[in-house]
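Numbering (my numbering), first residue to last: 3 to 198.
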């Protein structure tokens, strides 16, 4: 919601909401690709709007970082609920961790392109850490209760492993390689017959 709409209590116009949505989707795509082309100008171009429209919705570089990152986290929270309802526990955990690779890619690209002030993102990072730990913890608890995975790791261990895989030496195709490593890691969580 734009600042003017928040102050006046008016609902934002449909075209304003559409532009904001276009900008968030474009920003995710541009930042997850990373590289020197990951700029605010590239985001505006990809969204099909002018740079002034971007700044009207996101007056600072930090504002777009926070909006995109919070949206990524909220989508992962929703995905965890959906997967828990629709998939077997181990597969739900695997699919959620694979989706998280995209979030890490977006975050890496944003940090490199936007260099947001670390202090102003502390609250957002604390929020994201809590949400991600809760999602992984819930997915793991279900898999442990069903005897599908071992119980000697916690959600923080699993997230650290994921982040470690994502922050190794970056090269083209790193997301696919991390996905393969992640499959090996998740298979290693399986409860073996002689462990039950």
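C-beta atoms are modelled at their ideal positions from N, C-alpha and C, and glycine is treated no differently.
For clarity, every value in this text was computed on a predicted model and none was experimentally measured.
- Secondary structure of residue 72 (DSSP, three-state): helix.
- Of the candidates 176, 149, 56, the residue whose Cα lies closest to the Cα of residue 19 is 56.
- The alpha carbon of residue 70 has as its nearest neighbour, out of 98, 23, 53, 137, the alpha carbon of 23.
- Taking every protein chain shown into account, the CB of residue 111 has 16 or more other CB atoms within 10 angstroms, so this residue is buried.
- Boundaries of the alpha helix (DSSP H) around residue 124: 124 to 147.
- Secondary structure at residue 192: strand, using DSSP grouped into helix, strand and coil.
- In the DSSP assignment, residue 18 falls within the alpha helix (DSSP H) that extends over 16 to 35.
- The closest CA to that of residue 85, considering only 25, 134, 98, is found on 98.
- Around the beta-carbon of residue 83, fewer than 16 other beta-carbon atoms lie within 10 Å, marking it exposed.
- Apart from the 5 residues on each side of it in sequence, residue 180 sits with its Cβ closer than 7 Å to the Cβ of 103, 167, 168 in its chain, given in chain order.
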